[in-house]
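From first to last, the protein sequence lines are chains A and B. Those letters in the first sequence? Residues 12 to 197, by this note's numbering. Those letters in the second sequence? Residues 9 to 193, by this note's numbering. These notes concern the structure reproduced below.
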Amino acid sequence: MFVSLFILTLLVVTAISIARIGDLWAAVMFTGIFSFLGACWMLILDAPDVAFTEAAVGAGISTFLMLGTLALAGKKEKPSTESPLVPLIVVGITGAALIYGTLDMPHFGDPNSPVQTSIQPSFVEKSQPDMHGLPNVVTALLGSYRGYDTLGETAVIFTAGIAVILILRRTDSNQSNFRSSKKGAE
Amino acid sequence: MDSFPIIRVVSKLIIPYILLFGFYVQFHGDFGPGGGFQAGVILASALILYGLVFGLPAVKAVAPPKLIEKLIALGLLIYAGTGVVTMLAGKAQGTTHNAVANIDHEEVHHDQGRAMANFLDYNALDHHFLPGVLPHGQHLGLFLIEFGVGVTVTSVMTMIFYCFAGRHPETLPANNPAQNREAKS
């Protein structure tokens with residue numbers, strides 16, 4: 012309980028720091044810290060796979076990519092001339108709506124919540140005999156029971172990669188092809 | 009980065025261990041936390057670290073962009089191809105035996121007489137070649153698709169890094185020999 016409160020407080024402090032700080036370099040570092048705290052929080056919730064992903068993607072790769080963006084875009088935030096009142100109201104209403112939505116949710120670890128009761132018999136009981144004793148239920152769920160889902164997710168990553176290549180790439184072959192075709196036209 | 013010997017030496021020391029950890033997460037994902045996605049990100053971060061410290065040309069020599077962009081598609085092909093192989097293997101065996109893994113047990117009984125296994129039904133990958141050494145059935149299927157996911161994620165992340173770093177004003181002329189040649193001629 013104490014550790015949870017500590018980490019959640021740190022998450023809030025980090026989020027406020029990211030919003031307040033003008034130095035984009037420091038802000039990127041704070042987002043890395045935020046992801047790492049999020050990973051710790053997931054670990055407390057007994058979700059090591061999610062924590063693993065959060066640490067690797069949130070704290071690792073995204074920080075790298077944002078630093079790469081900073082190298083192109085500069086390290087200082089432009090001072091804003093707009094009044095912060097309207098965004099503050101919008102954010103406040105959205106946050107209040109989200110908190111209102113959590114009021115209906117079951118408590119953490121509630122044995123009667125739909126997560127625990129809706130699928131019978133549960134995957135946790137079935138996965139051991141089904142998978143011939145492979146112990147990781149998460150992998151079994153993602154890879155076997157919901158193989159289509161994971162195939163779709165892989166296709167999403169594939170598509171995102173192709174899109175980034177199409178938008179951003181300026182490689183040697185690309186340019187020389189372009190040039191040679193232009194020369195051919197001339 | 010030539011003027012930062014500590015960074016160079018330390019990253020040279022830890023990059024092999026990052027790679028090793030990535031492969032551990034990849035191939036141990038069936039037993040512990042992890043899997044293809046996390047492993048792909050870890051492997052890509054090893055490559056990106058190498059690129060940040062030793063420069064874009066160095067990492068492009070290790071992982072050529074032409075190879076990487078083909079691996080993006082190959083990973084997805086491994087995944088989808090595993091599904092096609094399960095269909096074909098089920099056809100060859102003539103029955104979807106040991107179909108306990110299907111969630112809906114009533115449907116299993118309907119499927120018993122069918123000559124084809126479902127897409128991504130790894131039970132069709134059961135074999136009796138070197139039992140206990142080679143994984144088979146569900147284990148082999150999970151292994152293959154996680155491998156496919158790992159290949160795609162590694163190459164996509166590396167490719168995104170190439171795209172971002174390639175636009176850097178300082179590194180752009182250096183890694184663009186075609187442009188340099190043209191400028192000279």
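Cβ coordinates follow ideal geometry from the N, Cα and C atoms, glycine included. Bear in mind that the values here come from a model prediction, so they are computed numbers and not experimental data.
_I want to verify the contact list: residues of chain B whose CB lies under 8 Å from the CB of Leu145/A, in sequence order._
Taking the first residue of the first sequence as 1, we reach residue 145/A at position 134. The answer, in chain order, is Asp38, Phe39, Gln146, His147, Leu150.
_Residue-chain proximity (Gly158/A, chain B), Cβ-Cβ < 8 Å_ = In the first sequence, the residue the question calls residue 158/A occupies position 147. Among the residues facing chain B, Gly158/A is included, as its CB has a counterpart in that chain under 8 Å away.
*Answer with buried or exposed for Leu128/B, where buried requires no fewer than 16 other C-beta atoms within 10 angstroms of its C-beta.*
Position 120 of the second sequence, counting from 1, holds the residue named residue 128/B. It counts as buried.
*Can Thr170/A and Phe45/B be called in contact, C-beta distance under 8 Å?*
Here residue 170/A refers to the residue found at position 159 when the first sequence is read from its first residue. Here residue 45/B refers to the residue found at position 37 when the second sequence is read from its first residue. Cβ distance not < 8 Å, so Thr170/A and Phe45/B don't count as in contact.
*Rounded to a whole number of angstroms, what is the C-alpha to C-alpha distance between Tyr159/A and Gly98/B?*
Your numbering for residue 159/A matches position 148 in the first sequence. Your numbering for residue 98/B matches position 90 in the second sequence. Between the alpha carbons of Tyr159/A and Gly98/B lies a distance of about 18 Å.
*What are the residues of the segment 45-77 of chain A that lie near chain B, defined by any Cβ-Cβ distance shorter than 7 Å?*
From the segment 45-77 of chain A, only Pro59, Asp60, Phe63, Thr64, Ala67, Val68, Gly71, Ile72, Phe75, Leu76 have a Cβ closer than 7 Å to chain B.
_alpha helix (DSSP H) segment containing Lys87/A, residue limits_ = Numbered from its first residue, the first sequence carries residue 87/A at position 76. Taken as a continuous stretch (DSSP letters only), Lys87/A belongs to no alpha helix (DSSP H), as it is neither H nor E.
*Using the beta-carbon count (16 or more within 10 Å), is Tyr170/B buried or exposed?*
What you label residue 170/B is simply residue 162 of the second sequence in a count that begins at 1. When all chains shown are included, Tyr170/B counts as buried.
_Would Leu164/B and Gly79/A qualify as a contact pair, given that the criterion is a beta-carbon distance under 8 Å?_
The count along the second sequence starts at 1 and reaches residue 164/B at position 156. The count along the first sequence starts at 1 and reaches residue 79/A at position 68. Per the sequence presented here, residue 164/B reads as Val, with Leu not at that position. Cβ atoms of Val164/B and Gly79/A: not closer than 8 Å.
*Are the segment 96-116 of chain A and the segment 73-93 of chain B in contact at 8 Å, needing three or more beta carbon pairs?*
Between the segment 96-116 of chain A and the segment 73-93 of chain B there are fewer than three inter-stretch CB-CB distances shorter than 8 Å, so the stretches are not counted as touching.
_According to DSSP, is Val164/B part of a helix, a strand, or is it coil?_
Looking up residue 164/B in the second sequence gives position 156. Reduced to three states, the DSSP call for Val164/B is helix.
*asked:* So for Asp34/A, helix, strand or coil by DSSP?
replied: Along the first sequence, one-based indexing puts residue 34/A at 23. Of the three classes helix, strand and coil, the one that applies to Asp34/A here is strand, per DSSP.
*Taking 8 Å as the CB-CB cut-off, is Tyr32/B touching chain A?*
Working through the second sequence from its first residue, we reach residue 32/B at position 24. With a threshold of 8 Å between beta carbons, Tyr32/B makes no contact with chain A.
*For the segment 148-172 of chain A, which residues have a CB atom closer than 9 Å to at least one CB atom of chain B, in sequence order?*
Residues Val149, Thr150, Ala151, Leu153, Gly154, Ser155, Tyr156, Gly158, Tyr159, Thr161, Leu162, Glu164, Thr165, Ala166, Ile168, Phe169, Ala171, Gly172.
*Mind checking whether Lys236/A and Trp36/A have CB atoms under 8 Å apart?*
Nothing can be reported for residue 236/A, as the shown portion of chain A is limited to 12 through 197.
_8 Å is my cut-off, CB to CB: does Asp115/A come that close to chain B?_
Residue mapping note: residue 115/A aligns to position 104 of the first sequence, counting from 1. Among the residues facing chain B, Asp115/A is not included, as its CB has no counterpart in that chain under 8 Å away.
*What are the start and end residues of the alpha helix (DSSP H) that includes Pro98/A?*
Taking the first sequence and counting its residues from 1, one reaches residue 98/A at position 87. Segment 96-113, the alpha helix (DSSP H) holding Pro98/A.
_Measuring only the C-alpha atoms, how far is Asn123/A from Ile18/A?_
Here residue 123/A refers to the residue found at position 112 when the first sequence is read from its first residue. Here residue 18/A refers to the residue found at position 7 when the first sequence is read from its first residue. If I take the Cα positions, the gap works out to 27 Å.
*Report the residue from Leu96/B, Ala66/B, Gly156/B whose alpha carbon sits nearest the alpha carbon of Arg16/B.*
On the second sequence, position 8 is the one that residue 16/B refers to. The candidate whose alpha carbon is nearest that of Arg16/B is Ala66/B.
*According to the neighbour-count rule (16 or more other Cβ atoms, all chains shown, within 10 Å of its Cβ), is Tyr156/A buried or exposed?*
By 1-based counting over the first sequence, the position of residue 156/A is 145. By the 10 Å Cβ count, Tyr156/A comes out buried.
*asked:* Does any residue of chain A have a CB that is nearer than 8 Å to the CB of Tyr25/B?
replied: The count along the second sequence starts at 1 and reaches residue 25/B at position 17. With 8 Å as the cut-off, Tyr25/B does not count as an interface residue toward chain A.
_Could you tell me the alpha carbon to alpha carbon distance between Glu93/A and Ala70/A, rounded to whole angstroms?_
Residue 93/A sits at position 82 when you count from the first residue of the first sequence. Residue 70/A sits at position 59 when you count from the first residue of the first sequence. Between the alpha carbons of Glu93/A and Ala70/A lies a distance of about 31 Å.
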